[in-house]
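Trainee: Before I ask anything, let me first share the structure, which is written out below as structure tokens.
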Amino acid sequence: MSNGRSRFNLDSRAARILAPAIFAIIVLAVWQLYTVVSDVPESSLPSPTEIAKAGWEQRQLLLDNTWVTVEEILIGFAAAIVLGVVLAMLIRSSRTIERALYPWLVVSQMVPIPAVAPIFVIWTGFDLRPKIMVIALVAFFPIAVNTIDGLRAADPQLLRLMRTLKASRWQRFRYAQLPASLPFLFSGLKVAAALSVIGAVFAEWVGASEGLGYLILVLNNATETATMFATIFLLAMIGIALFGLVLLLERLLLPWYHDARKEPADDGVAEPADDAVEIGARL
Amino acid sequence: MKVGIVGMPNAGKSTLFNLLAGLDRPSGGRILLDGRPAENLLGEIGYMPQADLLMPWRTVLDNTALGLQLNGVRRREARERARSEFPRFGLAGFEDVWPSQISGGMRQRAALLRTFLAGREVMLLDEPFGALDALTRQEMQQWLLEIWQQDRKTILFVTHDVEEALFLSDRVYVMSGRPGRVELCVDVEIERPREIGRTTLDPRFADLKLELIEPLRRASAEASR
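Chains U and S, in that order, are what the protein sequence lines are.
If you want the numbering used here, it's the 1-based position in the first sequence plus 48.
If you want the numbering used here, it's the 1-based position in the second sequence plus 172.
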């Protein structure tokens with residue numbers, strides 16, 4: 049029985065990769081076909097092969113600008129994590145601080161980011177700093193909100209039990225509240241990963257002389273549409289890679305969280321003897 | 173000494189335990205521990221609530237060592253001491269798995285080991301087997317008696333199951349609500365070791381059971397009126 053089950057899982061794992069791949073191939077094929085049969089100009093909608101060709105020809109330009117944007121995103125994302133986690137801990141540390149800060153946390157997201165980005169440029173100039181500020185501003189929010197929820201997630205009963213074990217406030221935080229919050233933190237990180245790419249593009253549109261976002265503006269003016277599509281593709285790849293990095297870290301740092309959601313048959317744990325008895329009794 | 177406390181739901185059993193564990197303060201009256209009034213019971217008494225409350229992010233071994241670690245025993249030593257108790261608690265071989273990977277009965281034994289290792293002389297068990305199916309529950313009762321036979325600590329055991337209370341205890345208090353009060357106190361003078369079956373079919377056992385059920389039934393009738 050367990051054999052049949054694990055084969056089923058293997059099949060579904062293959063299906064998880066195959067299904068979206070097949071879908072992508074279909075979409076690309078239809079796209080290619082459409083550009084061939086219709087007379088849509090290349091400057092409006094280049095075909096996938098034209099995009100690939102343009103991307104390859106301009107690879108040096110694209111790659112140089114990719115590193116610029118990747119650097120912005122990595123530093124900005126790191127800043128967002130620090131800002132989000134510190135704010136969440138501050139807010140959870142006292143009711144008064146929570147009351148004072150939480151509304152402003154929400155307000156910070158009501159501010160249209162593209163509108164404040166020029167102010168950051170005025171303050172700091174055209175260097176890396178305004179980009180990091182914009183990315184941190186858009187990406188810290190999901191991290192902070194999820195971590196605040198996470199720091200509330202520890203079972204109150206567990207905290208009471210820990211008090212009977214003479215746990216200090218710090219120990220209750222260190223051994224219960226902090227680990228219980230980590231899955232929430234990672235949920236926030238996944239959203240923040242996607243947002244930080246958007247933040248980087250915004251920031252570069254406002255004031256930059258390099259980077260993929262800046263490149264899009266330049267290519268748009270020059271109606272180099274095929275290369276522009278290749279740039280967009282690269283930006284998406286950066287987002288996917290960052291998301292994948294978060295997933296990988298989650299698996300490494302929270303093995304318990306990952307294992308608990310797996311099918312028990314996958315865990316490689318021998319069935320305990322009293323389980324067999326329990327099942328026998330139910331039958 | 174093993175003391176069982178039986179009562180209807182809402183009879184104040186959990187309130188009593190929260191008071192004894194030092195989690196809540198009594199609004200009046202005193203609690204005596206070894207004949208002396210106890211000022212602050214928090215941390216003086218071992219406490220095992222209904223839910224096993226194992227931490228999903230700690231392995232079974234680290235969960236059982238938690239109490240030791242919180243009291244300043246080094247992690248390494250805490251783990252060694254916990255590990256040496258694993259066979260007796262029927263957990264050998266499951267030291268390094270997550271709590272989500274073991275059965276309900278094993279989780280309860282792990283939670284009990286965590287309470288045992290905290291090393292308190294008095295332990296409160298709040299319906300520890302309430303969530304288990306009937307057969308596992310009986311195995312756990314038998315097993316608990318054996319463990320107690322070796323350690324001889326004072327155990328206060330809350331249950332709504334009269335048979336469980338009689339089987340495990342030297343003395344049973346019947347509580348009824350509200351307000352929570354002790355209706356009846358019965359000494360169970362059935363010799364040890366006890367065994368499911370031989371003990372539970374003993375005529376004295378049946379007599380005691382009748383004696384306990386009567387006030388519970390009365391309380392239940394009162395409550396529904």
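Backbone N, C-alpha and C fix where the C-beta goes; we use that ideal spot for every residue, glycine too.
Bear in mind that the values here come from a model prediction, so they are computed numbers and not experimental data.
Out of 102/U, 189/U and 109/U, state which residue places its alpha-carbon closest to the alpha-carbon of residue 260/U.
Mentor: 109/U
Trainee: Closest to residue 381/S by CA distance: which of 365/S, 361/S and 299/S is it?
Mentor: 361/S
Trainee: Quick check on residue 319/U: does DSSP put it in helix, strand or coil?
Mentor: Here residue 319/U scores only 37 on pLDDT, less than 50, and its place in the model is too uncertain to base an answer on.
Trainee: Going along chain S in order, which residues have a C-beta closer than 7 Å to the C-beta of residue 110/U?
Mentor: Within chain S, no residue comes near residue 110/U; the closest Cβ sits about 42 Å away, beyond 7 Å.
Trainee: Taking a cut of 7 Å between CB atoms, which residues from the region 293–305 of chain S lie near chain U?
Mentor: 305
Trainee: Output, in chain order, the set of chain U residues within a Cβ distance shorter than 7 Å of residue 193/S.
Mentor: 212
Trainee: Does the distance from the C-beta atom of residue 184/U to that of residue 236/U stay below 9 Å?
Mentor: Between residue 184/U and residue 236/U, the C-beta spacing is not below 9 Å.
Trainee: Using beta carbons (cut-off 9 Å, strictly below), is residue 302/U in contact with chain S?
Mentor: At a cut-off of 9 Å between beta carbons, residue 302/U contacts chain S.
Trainee: Three or more C-beta pairs closer than 8 Å, one from the region 268–278 of chain U and one from the region 94–113 of chain U: is that the case here?
Mentor: yes
Trainee: Going by C-alpha distance, which of 203/U, 225/U and 157/U is nearest residue 140/U?
Mentor: Looking from the CA of residue 140/U, the closest CA among 203/U, 225/U and 157/U belongs to 225/U.
Trainee: Let me know the secondary structure DSSP gives residue 139/U once reduced to three states.
Mentor: helix
Trainee: Does the beta carbon of residue 205/U sit closer than 9 Å to a beta carbon anywhere in chain S?
Mentor: yes
Trainee: Given this structure, state the Cα-to-Cα distance separating residue 202/U from residue 378/S, to the nearest angstrom.
Mentor: 44 Å
Trainee: Take every Cβ of the region 147–157 of chain U, pair it with every Cβ of the region 206–223 of chain U, and state whether three or more of those distances are shorter than 8 Å.
Mentor: no
Trainee: Can residue 326/S and residue 175/S be called in contact, C-beta distance under 9 Å?
Mentor: Their beta carbons are under 9 Å apart, which means residue 326/S touches residue 175/S by this criterion.
Trainee: Starting from residue 186/U and walking both ways along the alpha helix (DSSP H), at which residues does that stretch end?
Mentor: 176–199
Trainee: State whether the region 167–185 of chain U contacts the region 238–256 of chain U, with contact taken as three or more CB pairs (one from each stretch) at a distance under 8 Å.
Mentor: yes
Trainee: Using C-beta distances below 6 Å, list every residue in its chain close to residue 146/U, excluding the 5 sequence neighbours before and after it, in chain order.
Mentor: 139
Trainee: Tell me whether residue 329/S sits in a helix, a strand or coil according to DSSP, three-state version.
Mentor: strand
Trainee: Residues of the region 352–379 of chain S with a CB closer than 8 Å to any CB of chain U: list them in chain order, please.
Mentor: none
Trainee: Drop a sphere of 10 angstroms on the beta-carbon of residue 198/S, count the other beta-carbons inside from all chains shown, and report buried for 16 or more, exposed for fewer.
Mentor: In the assembly as shown, residue 198/S is an exposed residue. Its beta-carbon has fewer than 16 other beta-carbons within 10 Å.
Trainee: To the nearest angstrom, how far is the alpha carbon of residue 294/S from that of residue 390/S?
Mentor: 31 Å
Trainee: Out of 237/S, 193/S and 284/S, point me to the one whose CA is closest to residue 434/S's CA.
Mentor: This structure leaves residue 434/S out entirely; chain S is present only between 173 and 397.
Trainee: Residue 380/S lies in the alpha helix (DSSP H); which residues open and close that run?
Mentor: Taken as a continuous stretch (DSSP letters only), the alpha helix (DSSP H) holding residue 380/S covers 375–396.
Trainee: Could you say which of 267/U, 72/U, 272/U and 144/U lies nearest to residue 91/U if we only look at CA atoms?
Mentor: The shortest C-alpha separation from residue 91/U is found at 272/U.
Trainee: Taking only the alpha-carbon atoms, compute the straight-line gap between residue 134/U and residue 348/S and give it to the nearest angstrom.
Mentor: Their Cα atoms are separated by approximately 50 Å.
Trainee: If you draw a straight line from the alpha carbon of residue 463/S to that of residue 198/U, how long is it in whole angstroms?
Mentor: Outside the shown range of chain S, which is 173 to 397, sits residue 463/S, and nothing can be said about it.
Trainee: Between which two residues does the alpha helix (DSSP H) harbouring residue 243/U extend?
Mentor: 226–254
Trainee: Please state whether DSSP places residue 257/U in a helix, a strand or coil.
Mentor: If DSSP states are grouped into helix, strand and coil, residue 257/U belongs with coil.
Trainee: Please list, in chain order, all residues of the same chain as residue 314/S whose beta carbon is under 8 Å from its beta carbon, the five residues on each side excluded.
Mentor: 367 and 368
Trainee: In chain order, what residues of the same chain lie with their CB nearer than 8 Å to the CB of residue 137/U, ignoring the 5 residues before and after it?
Mentor: 195 and 199, listed in sequence order.
Trainee: If contact means a Cβ-Cβ distance below 7 Å, which residues of the region 239–264 of chain S contact chain U?
Mentor: Answer set for the region 239–264 of chain S: 239, 242 and 243.
Trainee: Within 8 Å, do at least three Cβ pairs link the region 172–181 of chain U to the region 113–130 of chain U?
Mentor: yes
Trainee: Check the DSSP bridge columns for residue 343/S and list the partner residues they point to.
Mentor: 175/S and 359/S
Trainee: Look at the Cβ atom of residue 210/U, then the Cβ atom of residue 242/S, and state whether they are nearer than 9 Å.
Mentor: A contact, by the Cβ cut-off of 9 Å.
Trainee: Just to confirm, is the Cβ distance from residue 290/U to residue 125/U under 9 Å?
Mentor: At the C-beta level, residue 290/U and residue 125/U come within 9 Å of one another.
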